[in-house]
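Numbered by UniProt numbering, the letters in the sequence shown go through residues 1 to 621 in order.
All C-beta atoms in this analysis are idealised placements derived from N, C-alpha and C, irrespective of residue type, glycine included.
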Amino acid sequence: MRKKLGSKVFLGLLMLFFYLPIIYMIVFSFNSSKSLSKFGGFSLKWYEQMFANKTMIEAIYYTLVIAIIATVVSTIVGTLASIGLSKSRKLLKEFVLQVNNLPIMNPDIVTAIGLMLFYTSLHIEKGFMTLLLAHIAFCIPYVMLSVMPRIRRLDPNLADAALDLGASPFYALRKVIIPQLMPGIVAGALIAFTMSFDDFVISYFVTGNGVNNISIMVYTMSKRVNPTINALSTIIIATITVALIVMNIISMRKKKHPHTSYRKVFIVGGLVLAIGLFGLSSLRSKSSSDIDPMAEYGCNTLNVFNWGEYVGEDTISDFEEKYNVSVNYSVFASNEEMYTKLLGGESYDVLVPSDYMIERLIQEDLLREIDLDKITNYDKLSASVLELPYDPENTYSIPYFWGSVGIVYNSETVSKEDVENEGFNVLKNPKYKGRIYVYDSERDSFMMALKALGYSMNTTDQNEIDEAYQWLRELKSENAPVFVTDEVIDGMINGEKDIAVVYSGDATYIHDENPSMVYYEPESGTNIWSDAMVIPKNSACPLLAEEFINYNLEEEVAYNNSLYVGYTSSVESVIERLKENEFKGNNAYIPRSDYPLDEVFRYNEEIKKILAELWIKVKAT
1 MRKKLGSKVF LGLLMLFFYL PIIYMIVFSF NSSKSLSKFG GFSLKWYEQM
51 FANKTMIEAI YYTLVIAIIA TVVSTIVGTL ASIGLSKSRK LLKEFVLQVN
101 NLPIMNPDIV TAIGLMLFYT SLHIEKGFMT LLLAHIAFCI PYVMLSVMPR
151 IRRLDPNLAD AALDLGASPF YALRKVIIPQ LMPGIVAGAL IAFTMSFDDF
201 VISYFVTGNG VNNISIMVYT MSKRVNPTIN ALSTIIIATI TVALIVMNII
251 SMRKKKHPHT SYRKVFIVGG LVLAIGLFGL SSLRSKSSSD IDPMAEYGCN
301 TLNVFNWGEY VGEDTISDFE EKYNVSVNYS VFASNEEMYT KLLGGESYDV
351 LVPSDYMIER LIQEDLLREI DLDKITNYDK LSASVLELPY DPENTYSIPY
401 FWGSVGIVYN SETVSKEDVE NEGFNVLKNP KYKGRIYVYD SERDSFMMAL
451 KALGYSMNTT DQNEIDEAYQ WLRELKSENA PVFVTDEVID GMINGEKDIA
501 VVYSGDATYI HDENPSMVYY EPESGTNIWS DAMVIPKNSA CPLLAEEFIN
551 YNLEEEVAYN NSLYVGYTSS VESVIERLKE NEFKGNNAYI PRSDYPLDEV
601 FRYNEEIKKI LAELWIKVKA T
């Protein structure tokens, strides 16, 4: 009795562990505020925003279309291949099965890089078709893995008996063999659909031209709290739950009435799916005007590659409407990801990399010079973002956002005097042990260590680098910081830690959500960074790209971008406007300028490799 009770309790706790986060997410998808910890009242606003978000609708559409096509094709190919192998010689069959298992055993990243290089070597433009072919390729092995065991259990005389009774080979396949294999085929199809629907790593490296699936979109939207993701996830969970209930009902009725035909059920299901896809297609479509953009710009589609959550909500759609063009808007999570995609043969018209990466792209002759005569809003730019070391004459780049790296601390639990007196060294103060976030980035972490020691963050002196390495090792071993990336934002908003090293734009958002969090730029100096808009040399639409760059410098557009993202605008009037209104009293919004100890990162490949190796050792300490 006690054992049974204990088993039930354990099962209950296990179910709670699995489903409590899902229930939590569903509840907060109806929250009227953006908070993930405080429920501000019931609201459907995030569902409305989800259906109004063209990028999200397109991601859902592409995910479903690719998953459905990949499932159908891989199920047909995998089933026929399995049947064919069953009639093949043993040596050939074993060889093919071993080859079939390789994609399943391979890490996704290996398959992803291999497919990307394959497409690149053949000069295939990456987009919908490359993504679809990749999904079909990695789904087929799962179908075969599911169907082959059913074939082994199949009576080999059934097909021969059907042929002896006058059936054609195709009729025997359709009426005798396939029905016997149906459980394995259905299981394989479900696995294929799930694998395609969920895939991120392979999809990220083989797609392009604005074709994203849900996984890529959620990954790039995770920088900030975005409750529309909760709304989307809730809809997906509800859909899966309904589908499972229907399938269970069909399964139970099939047991009671084994000869009942369920063709009508599948027809209705197909119609519902078709109507859903048609609805998504309608939502993602946009109207066209009488203007022919081809005549003026030579193209009507602009490919933009930007950071996730780094543009105003209506910026892209308003540009499309104003210029009657289509924008394929893709996002990346790091400069290195952007660089890899660019070297992989991707063709983009506008990129938004950071200062040191722009310097690298200039050195490698990958950028096109910008015609400043076409940038009529150039004179609106703040002097703080012009003529920076990575592009002193702004020949290749037009500033987009800028800021600094500093310390955010909880004013209720951390001494202001400690922070101001110690600067970055406050991270080593034993009073704050275990209550610290540090960026999981060798560049930013070595910057704070070098500045804490009084050195230049662009130093090439190996002794100074070694001192910074020891500083970071001591920090890791003595004060146990948590190394994070974008999750630092939610962590500090919710007060999970007391001190964090963050970018000024993230600090702006953190302070807005939690006024107890204060931003400070150490007197020892810090990194003043800049992200700018550039045009790659392989751009197919440079004239429209220059129009897009100029458009983002219009005051209202720049204002909406900066207000939504929280990072400092490059347009002087927008800086003043937000400083006096929405971000009044938020000292993180305006980074300091002309401070002699502040620096801009310079590109140095040799030093970058050294820091990357040392950073791995720091985290392994």
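- The residue among Lys431, Ala167, Gly406 with its C-alpha nearest the C-alpha of Phe424 is Gly406.
- Residue pairing for Ile528: DSSP places it in a beta bridge opposite Ser404.
- With respect to the 9 Å criterion, Tyr439 and Val408 are not classified as neighbours on the basis of their beta carbons.
- Pairing Ala545 with Asn552 gives a Cβ-Cβ distance that is not under 9 Å.
- Within the model, the alpha-carbon separation for Tyr204 versus Lys126 is close to 11 Å.
- For Asp461, same chain residues with a beta-carbon under 8 Å away, outside a window of 5 residues either side, are Tyr455 in chain order.
- According to DSSP, Asn31 shares a beta bridge with Phe42.
- Scanning the stretch 435–518 for uninterrupted alpha helix (DSSP H) segments of 4 residues or longer gives 442–452, 462–479, 487–493, 504–513, listed from N- to C-terminal end.
- Closest in alpha carbon position to Phe305, among Thr315, Ser330, Tyr520, is Ser330.
- Looking at the backbone, the Cα of Met25 and that of Thr234 are separated by about 8 Å.
- A direct Cα-Cα distance of roughly 23 Å separates Asn560 from Ser334.
- For the pair of segments examined, the stretch 61–76 was found to touch the stretch 188–206: the number of CB pairs separated by less than 8 Å reaches three.
- In terms of Cβ geometry, Val143 and Ile178 do not form a close pair [threshold 9 Å].
- The stretch 167–186 makes no contact with the stretch 100–118; the number of CB pairs closer than 8 Å stays below 3.
- Between Tyr396 and Val534, the C-beta gap is smaller than 9 Å, which places the two residues in contact.
- Looking at the DSSP output, Val73 shares a beta bridge with no other residue.
- The criterion of a C-beta distance shorter than 9 Å is satisfied by Trp402 and Ile528.
- Going by DSSP, Ser330 is part of the beta strand (DSSP E) stretching over 326–332.
- A distance below 6 Å between beta-carbons, with the five flanking residues on each side excluded, links Met56 to the following residues of its chain, in chain order: Met50.
- Residue burial is scored here from C-beta neighbours: Pro389 has fewer than 16 other C-beta atoms within 10 angstroms and is therefore classed as exposed.
- In this structure, Leu115 places its C-beta atom within 9 Å of the C-beta atom of Thr130.
- By the Cβ test, the stretch 500–514 is not in contact with the stretch 332–346, since fewer than three Cβ pairs between them sit closer than 8 Å.
- Setting aside the 5 residues that flank it on each side, Lys579 is surrounded in the same chain by Tyr589, Ile590, each with a C-beta closer than 7 Å to its C-beta; the list follows chain order.
- Each residue's CA atom was taken as its position, placing Ser82 and Ala134 some 20 Å apart.
- For Phe200, there is no enclosing alpha helix (DSSP H), as DSSP marks it with neither H nor E.
- In the DSSP assignment, Phe424 falls outside any beta strand (DSSP E), carrying neither H nor E.
- With 16 or more other Cβ atoms inside 10 Å of its own Cβ, Glu346 counts as buried.
- Counting of Cβ neighbours within 10 angstroms places Tyr19 among the exposed residues, the total staying below 16.
- When the alpha-carbon of Phe583 is set against those of Met357, Tyr567, Ile113, Gly210, the nearest one is in Tyr567.
- Assignment of Thr568 by DSSP, reduced to helix, strand and coil, places it in the strand class.
- Phe305 has Ser330, Leu351 as its beta-bridge partners, per DSSP.
- In the DSSP assignment, Ile104 falls within the alpha helix (DSSP H) that extends over 90–105.
- The secondary-structure analysis by DSSP pairs Tyr409 across a beta bridge with Ile499, Val518.
- Leu367 has Pro536 as its beta-bridge partners, per DSSP.
- Taking the Cα of Lys93 as reference, the smallest distance to any Cα among Asn100, Leu85, Val426 is reached at Leu85.
- The C-alpha of Arg360 is placed about 9 Å away from the C-alpha of Glu605.
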